[in-house]
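One point on numbering: in my numbering, the residue at position 209 of the sequence shown is 1681, and numbering is uninterrupted.
See structure below.
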Amino acid sequence: MTNEMSRREMLKLGLLGAAGLALNPSKSLWAETPPPAATARSVIQIWMWGGPCHLDTFDPKPAAGRDFCGPLNEPIPTNVDGTRICQLLPELAKQADKYSIIRSMTHGVNSHETASYIAQTGRKSGRLVYPSAGAVVSLFKGYDHGYKGIVPPYIVLTTLQGRFSESGFLGQRYKPFATGGDPNRTPFAVDGIVSQDITDERQVSRRALLGKLDTLGKAIPGDPQLEQHDRAGQKAYDLMFGDMRRLFDLEQEKAEMRDRYGRNTFGQSCLAARRLVEAGVPYITINYAGWDTHKQHFETMNRKLPEMDKAMATLLLDLAERGLLDSTIVWWGGEFGRTPKVQWEAPWNGGRGHHGACYASMVAGGGFKGGQVVGASTPDGMEVDDRPVYPRDLIRSIYERLGIDPEGTLPNPRGMDVRILPEKEEGEDSGGRLKELL
């Protein structure tokens, strides 16, 4: 129990001391129009770990034929005139007025590690390992800037990505807290809070026995070191049975609500994310694995797309009904897309490879317009046909929605003048602010 408390305390205390936002007076590519007023307070990033196929989600291409669309050749209309999405996403089709689709994402990289780094930092290269968007939000929206939450300001449900260091040169204090466990199990065994192997009754009896055996504390009342030890133990106990425990306890929700999200790990992760938003957590990432579909792609889509559809549609509707969508950005996407042309031959047997030349993302809430489609891919989905959008364009627009100046600077170990996001003169591509969604 003491070790777990120390870990949690270090997570929380380590996030203190963030540097203030420093404005860079240099002229920006983005200065063609002033940034919009900040309206967002939280981000839920649905990270499609492995890379989802744009043709089989938000950019269907039935006219391209079987070698491109496979059996998913009947896209369905949404509640936004003229916008169609994959036939396995009927619930999201009903909520299309709440989100916008970017069909022209691009960076041209096909390796997981590099593409993940670009997609989450907005940078292709540099002399430093740059922090992810979650770490930057943790820096500028965390404890040193008014956050008073009972959990760290950057949470990952449930495992770290492992492709790169999310905190980059900002260091361990801005590394996300990964919950571990499975929110679809009872109890949701959050790392350091709930143990799957020891019942609550046994934890309580252990504490009671420890209190009876604590003869030293009774013999030296008022000793400052012993009092500090007692306070630390009480904090650990509060983590295990107090407000933090209740925050992650999905049994607090009605069974009907849990059913709406879907009784699976992703569905319950979306529900947990909504609860974290209600608690004021600035940045939540759901690492949604299983999208690296090199083999038997369509068999996987038949399982996973309905699961995704139900949970994401419920999340958007639930946030809207609670008055939280206007202040919460929901960002869906992965490190790249999948090859539009299906690899029918063995050993792939209908698989799709990595494809960074063109892919899709989705964004909702937090002041972004809904019901829009930005950009377009070619008729076969292979390339961007109109309005290229690079990862840094999307990340920059998200920062502005949160009130983070993308031209501000980041503290770094070398004392360099490092901007939150790069300018074009630093060798990075850009399509500019997502004005269509603001």
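Just so you know, even glycine gets a beta-carbon here, dropped at the ideal spot from N, CA and C.
Please read these numbers as outputs of a predicted model, since none were measured by experiment.
- Rounded to the nearest angstrom, the Cβ distance from Gly1739 to Ala1783 is 4 Å, consistent with a contact under 8 Å.
- Contact check for Tyr1733 against Cys1742 passes: the beta carbons are separated by less than 7 Å.
- For Arg1575, the uninterrupted beta strand (DSSP E) run begins and ends at Tyr1571 to Met1577, by DSSP.
- A distance below 8 Å between beta-carbons, with the five flanking residues on each side excluded, links Thr1765 to the following residues of its chain, in chain order: Gly1522, Cys1525, Thr1772, Met1773, Arg1810, Gly1823 and Arg1824.
- The shortest CA-to-CA distance from Leu1748 to any of Val1623, Asn1736, Cys1558 and Leu1561 is the one to Val1623.
- Boundaries for Asp1790: no beta strand (DSSP E) harbours it, while the alpha helix (DSSP H) harbouring it runs His1769 to Glu1793, taken from the DSSP string.
- Cβ neighbours of Tyr1862 within its own chain (closer than 7 Å, five residues either side excluded): Thr1578, His1579, Asp1901, Ser1902 and Gly1903.
- Tyr1871 and Glu1807 have their C-alpha atoms roughly 19 Å apart.
- A distance of 7 Å or more separates the beta carbons of Arg1575 and Ser1869.
- Here the alpha carbon of Gly1653 sits roughly 42 Å from the alpha carbon of Asp1857.
- Pairing Ser1588 with Phe1636 gives a Cβ-Cβ distance under 7 Å.
- Taking 8 Å as the upper bound for CB-CB distance, Ile1665 and Phe1720 are in contact here, some 7 Å apart.
- Sixteen is the threshold: since fewer than 16 other Cβ atoms of the shown chains lie within 10 Å of the Cβ of Pro1696, the residue is exposed.
- The beta carbons of Asp1569 and Gly1843 sit closer together than 7 Å.
- In the three-state scheme derived from DSSP, where H, G and I count as helix and E and B as strand, Asp1865 is classed as helix.
- Taking the Cβ atoms as the reference, Leu1893 lies roughly 11 Å from Leu1866, outside the contact range of under 8 Å.
- Between the alpha carbons of Lys1813 and Gly1762 lies a distance of about 20 Å.
- With respect to the C-alpha of Leu1874, the residue from Gly1837, Pro1883 and Val1846 having the closest C-alpha is Gly1837.
- Taking 7 Å as the cut-off, the beta carbon of Tyr1646 is found no closer than this to the beta carbon of Ala1605.
- DSSP, read as helix, strand or coil, puts Gln1740 in helix.
- Nearest neighbour of Lys1613 by Cα position, chosen from Asn1545, Ile1876 and Gly1598, turns out to be Ile1876.
- With respect to Gly1621, Val1753 sits close: the two C-beta atoms are nearer than 7 Å.
- Around Asn1736, the same chain offers Asn1656 and Glu1779 as residues with beta carbons nearer than 7 Å, after the five sequence neighbours per side are excluded.
- Cα atoms of Glu1879 and Cys1541: separation of roughly 41 Å, rounded to the nearest angstrom.
- Taking the C-beta atoms as reference points, Thr1800 is found no nearer than 7 Å to Ser1572.
- Leu1909 and Ala1818 have their C-alpha atoms some 42 Å from each other.
- Cβ neighbours of Leu1527 within its own chain (closer than 7 Å, five residues either side excluded): Lys1533, Phe1540, Cys1541, Pro1812 and Gly1853.
- Under the three-state reduction of DSSP, His1766 is assigned to coil, being neither helix nor strand.
- The DSSP assignment places 1863–1874 as complete runs of the alpha helix (DSSP H) inside the segment 1809–1882, in order along the chain (cut-off: 4 residues).
- Less than 7 Å divides the Cβ of Ala1829 from the Cβ of Glu1855.
- With fewer than 16 other Cβ atoms inside 10 Å of its own Cβ, Gly1795 counts as exposed.
- Here Gly1554 is exposed. Its C-beta has fewer than 16 other C-beta atoms within 10 Å.
- For Gln1592, the enclosing alpha helix (DSSP H) covers residues His1584 to Thr1593.
- In the structure shown, Ser1597 falls within a coil segment according to DSSP collapsed to helix, strand and coil.
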